[in-house]
Amino acid sequence: MYEKNMNKAQLNKIQSVLDTAVDTDAVAGASCLVWQGGREQGYYEAGFADKANGRRFSRNTICRFYSMTKPITAAAVWTLIESGKIDLLDDVFHYLPAFAMPMVCSGDAMVPSRTPITIRDLLNMTSGYTYGGSANESQAQTASLVADLNNSLQSDSPISTQQFAERIAAIPLSFEPGTDFEYGLSADILGAVVETVSGMKYGDYLRKYIFEPLGMKDTGFYVPAAKIDRLAEEYQHTLSGSLEVFAKPNLGIPYRAEVPPAFESGGAGLVGTIDDYMRFCRMLLSGGSLDGHTILQAQTVKALRSYHIAERVQPCFDKKLPHLCGYSYGNLMRILVDPTLSGTIGSAGEFGWDGWLGTFMLIDPANELSFVYFQQVKDSGYTPVARRIKNVTYAALP
-3 MYEKNMNKAQ LNKIQSVLDT AVDTDAVAGA SCLVWQGGRE QGYYEAGFAD
47 KANGRRFSRN TICRFYSMTK PITAAAVWTL IESGKIDLLD DVFHYLPAFA
97 MPMVCSGDAM VPSRTPITIR DLLNMTSGYT YGGSANESQA QTASLVADLN
147 NSLQSDSPIS TQQFAERIAA IPLSFEPGTD FEYGLSADIL GAVVETVSGM
197 KYGDYLRKYI FEPLGMKDTG FYVPAAKIDR LAEEYQHTLS GSLEVFAKPN
247 LGIPYRAEVP PAFESGGAGL VGTIDDYMRF CRMLLSGGSL DGHTILQAQT
297 VKALRSYHIA ERVQPCFDKK LPHLCGYSYG NLMRILVDPT LSGTIGSAGE
347 FGWDGWLGTF MLIDPANELS FVYFQQVKDS GYTPVARRIK NVTYAALP
């Protein structure tokens, strides 16, 4: 373990990065938490969780994780893998019968898939499922399903996690499983798999086996009434570059998650605080345990952060996510393979992911480092702010 603290003068430059982001309307508010060498090295915040009401962004602010839900879903799946209840090479139809005979888009036609969809395909985004679009029939039908998820939120019978799985199973794949990479709804299917294997609602499984043992007291698929005033607003940029509230659902996730949802999205549905998410990161950083509670065995964590897409699929990932040059992908996360190509200071083996609203997490075992960055601006993903913070943080390592 590192015995020296990070260079605090260097690390404190994170505050300037956050202040500039707020001053330039890149974000309404943001926070960043850095953990390294077995201790908290710095926490920083700036701006507002709710500009209209003057509510500041803080450690207590609850944010929507969106795709930073995915690493938690990967961890949940691996708890079942290490217990012998799931195998990476299992055909998904063993757990969800609707996936027994997938079809694949082939030009304008649909043909039976020659290969099954495996659990590994879902974890690696090589399943053939997307987030929708218009390039082929698969994307068109997926876009329609996502619209139905959003519309059903206000109905008397919202689509459930299992109903979602049955609906997407009827959609043809964009490609043969294992032959290409496409970021999409694979993690949401995994949520349904966990439900079937465990016999529990997905949120209940996460709470019992991850959130409660780790002390993630504010994390879940909705915000209880007593905590709703801590939920950050969600913003979007106007054509002029200013910020305005974005008050619409996305990917089946409601704008204000005030009630337990029928659809517990394994790819986007969780909310929580920056301290909660750091506890999850610290668990992975320490090899699967935290404060006497073991979530995953050390060898399982090693596999989770090492297994990634096949060499033949890597060019597909590189082409579709060029901003992640130098990285590979596996277990619903990026994994840095070649730091010289990444465009930031980094270390081989670092891993993590980001979210639609700009949340970002990184875990680096070699440097005993993790940091979590929170903001809430739509269509953000891996932002310039997160990259700047990454550079500042790595430059501060002892």
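The sequence shown begins at -3 in the working numbering and counts up by one.
In this text, a Cβ means the ideal position worked out from N, Cα and C, and glycines have one as well.
Limits of the alpha helix (DSSP H) - the one that residue i falls within
{"i": "S12", "result": "9 to 19"}
{"i": "A136", "result": "133 to 148"}
{"i": "D117", "result": "115 to 120"}
{"i": "P108", "result": "Unbroken run through P108 is the beta strand (DSSP E), 105 to 108; no alpha helix (DSSP H)."}
{"i": "A427", "result": "No answer is possible for residue 427: the residues shown for the chain start at -3 and end at 394."}
{"i": "F53", "result": "That residue, F53, is in no alpha helix (DSSP H); it is neither H nor E in DSSP."}
{"i": "C312", "result": "310 to 316"}
Backbone secondary structure at residue i - three-state DSSP
{"i": "H304", "result": "coil"}
{"i": "M357", "result": "strand"}
{"i": "V381", "result": "helix"}
{"i": "C277", "result": "helix"}
{"i": "A264", "result": "coil"}
{"i": "G326", "result": "strand"}
{"i": "R60", "result": "strand"}
{"i": "E364", "result": "coil"}
Where the beta strand (DSSP E) containing residue i begins and where it ends
{"i": "Y231", "result": "231 to 233"}
{"i": "I331", "result": "329 to 332"}
{"i": "V190", "result": "It is not in any beta strand (DSSP E) - V190 instead sits in the alpha helix (DSSP H) that spans 182 to 194."}
{"i": "L247", "result": "Unbroken run through L247: none, as it is neither H nor E."}
{"i": "Q158", "result": "Careful: Q158 lies outside any beta strand (DSSP E), inside the alpha helix (DSSP H) at 157 to 165."}
{"i": "D46", "result": "35 to 46"}
{"i": "Q32", "result": "25 to 32"}
With 16 other Cβ atoms within 10 Å as the buried cut-off, status of residue i
{"i": "V107", "result": "exposed"}
{"i": "E178", "result": "buried"}
{"i": "T336", "result": "exposed"}
{"i": "S394", "result": "As written in the sequence, residue 394 is Pro, which differs from the Ser given in the question. Answer is exposed; the Cβ neighbour count stays below 16."}
{"i": "N327", "result": "buried"}
{"i": "R35", "result": "exposed"}
{"i": "H304", "result": "buried"}
{"i": "N56", "result": "exposed"}
{"i": "C321", "result": "exposed"}
{"i": "N49", "result": "exposed"}
{"i": "L85", "result": "exposed"}
{"i": "G103", "result": "exposed"}
{"i": "P93", "result": "exposed"}
{"i": "P200", "result": "It is Asp, not Pro, that sits at residue 200 in the sequence shown. The residue in question, D200, is exposed, as its Cβ has fewer than 16 Cβ neighbours within 10 Å."}
{"i": "M329", "result": "buried"}
Span separating the alpha-carbon of residue i from that of residue j
{"i": "V30", "j": "G195", "result": "37 Å"}
{"i": "A143", "j": "A253", "result": "18 Å"}
{"i": "D184", "j": "F44", "result": "31 Å"}
{"i": "G263", "j": "L247", "result": "9 Å"}
{"i": "T122", "j": "V381", "result": "29 Å"}
{"i": "G292", "j": "S134", "result": "Per the sequence presented here, residue 292 reads as Leu, with Gly not at that position. If you take the alpha carbons of L292 and S134, they lie about 36 Å apart."}
{"i": "L227", "j": "D214", "result": "11 Å"}
{"i": "S376", "j": "Y273", "result": "19 Å"}
{"i": "Y205", "j": "C59", "result": "22 Å"}
{"i": "S79", "j": "V190", "result": "13 Å"}
{"i": "P112", "j": "G351", "result": "29 Å"}
Cut-off 7 Å between Cβ atoms - residues of its own chain near residue i, not counting five sequence neighbours on either side
{"i": "Y40", "result": "I10, Q11, L14, S27, C28"}
{"i": "G128", "result": "Q135, T138, A139, V142"}
Cutoff 6 Å; reference residue i; Cβ partners in own chain excluding five residues on either side
{"i": "V388", "result": "K9, I10"}
{"i": "T149", "result": "For the record, residue 149 in the displayed sequence is Leu; it is not Thr. Closer than 6 Å at the Cβ level, and outside the excluded window around L149, lie P245, P250."}
{"i": "G342", "result": "L332, P335"}
{"i": "L365", "result": "Q32"}
{"i": "L186", "result": "T69, V73, L118, G262"}
{"i": "V18", "result": "A42, G43"}
{"i": "E230", "result": "F242, Q372"}
beta-carbon residue i near the ligand PLP non-hydrogen atom, thresh 8 Å
{"i": "R383", "result": "Summarising the ligand content, the structure contains no ligands, and the ligand PLP is consequently not present."}
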